[in-house]
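Written out below as structure tokens is the structure these notes cover.
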Amino acid sequence: MNPVYQKLTTCYKSLRALTDFQPKFALVLGTGLGAFADRIRIVQTVSYHAIEGFPTSTVEGHKGQYVFGYVGAVPVVIMQGRVHYYEGYEIADVVLPIRLMKLMGAEILMVTNASGGVNASFHAGDFMLIRDQISSFIPSPLRGANMDELGVRFPDMTEAYDKTLCGIIRNTARKEDIPLQEGVYVQLPGPQFESPAEIRMVRTLGGDAVGMSTACEVIAARHMGMRVCGISCVSNMAAGMTGGPLLHEEVQQNADLVAPRFEKLVYQSIVAIAKSI
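Heads up, the sequence shown is in our numbering, so the first residue is 236 and it goes up one at a time.
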């Protein structure tokens, strides 16, 4: 058996021994959104450490657990803390939590993150609806022998972010009077912040925001047939945009400041999406 698939099935069996919850919607909480889980009706939490073979986040501020519960009437599984490639994990381990949520039953994935603004019209604290992505700077999570049990060898990425779901988020933001930018998200490997020259490169390639997560997760989700949508919090302007140095503490603080509005947008978007399916 493919060792990556074998590890995934081991994690699934371990998780299913801890919970039989059946989610329909999966949500990945990025920096500053960790408290969102407190807004839902929680049924159960499962620490990543309790799942055999599961990769665990080492980033400060990431709790490292699945939260099972309901947003309105929608059964959801929430990743409260994600695993990043820069932490030293293989890319297959980075996306294992996403694959596991699909095996649990989730059909729709919403990804969130904190990012650096590359588009000159953006400002720290903006929210960006992710319309598309660039993942060319990191290894593909589909590299190696294809796992036919999960999806096809060459999955189409023409509509990585579902246009219908994007439209619902756009309408929700308008209804809630929450300004919403739109653009292309670029994942770079990290953990160092990007240099001004790298940011100029990203802008030339058509990127609007840059970060160290998300794109690989979306590839894995689309490979398994999940519908995907995403919102990024522009927690700071990227290197060379303001002239000042970049600090992780600044990213965390700015994300925390706008967290209440971000939580509202995510919550209401999930409710609206649920009504459409």
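Using N, Cα and C, we set each Cβ at its ideal position, and we do this for glycine too.
Q) Going along the chain, which unbroken runs of the alpha helix (DSSP H) with 4 or more residues stay wholly within the stretch 410–446? A) 431–440
Q.
Here's the rule: buried if 16 or more other CB atoms are within 10 angstroms of the residue's CB, otherwise exposed. What is S430?
A. exposed
| Reduced DSSP secondary structure (H/G/I, E/B, other) of F497 | helix
### Query
Nearest-angstrom Cα distance between N237 and I333?
18 Å
Next on the checklist: Report the CB separation of V281 from Y301 in whole angstroms; it is logged as a contact under 8 Å.
Outcome noted: 5 Å
Among D273, V309, E287, R276, which has the Cα closest to the Cα of K510?
-> V309
Review point. Does the separation of the CB atoms of I373 and G465 fall below 8 Å?
Key: no
Item to check | Where H458 falls, given that 16 or more other Cβ within 10 Å makes a residue buried | outcome: buried
Q.
Just to confirm my understanding: we take G198, look at its own chain, exclude 5 residues before and 5 after, and list those with CB closer than 7 Å. What are they?
A. Nothing about residue 198 can be read from this structure; the chain reaches only from 236 to 512.
### Query
Is the stretch 256–272 in contact with the stretch 320–330, if contact means three or more CB pairs nearer than 8 Å?
no
Distance between beta carbons of M447 and G425, contact taken as under 8 Å | 4 Å
**Report entry** Identified DSSP bridge partners for N471
**Finding:** G351
| query | F362 and L500 look like a contact to me (Cβ under 8 Å); what is the Cβ gap, rounded to whole Å? | reply | 6 Å
Fill in: Beta carbon of L344 nearer than 8 Å to that of A408
no
| query | Which residues in the same chain as R274 place their Cβ atom closer than 7 Å to its Cβ, once the five residues preceding and following it in sequence are excluded? | reply | E498, Y502
Straight-line gap, N354 to R462 (C-alpha atoms, nearest Å): 26 Å
query = Under a CB-based cut-off of 8 Å, is V453 close to chain C?
reply = Included in the structure is just one protein chain, with no chain C present.
Where the beta strand (DSSP E) containing T280 begins and where it ends:
276–282
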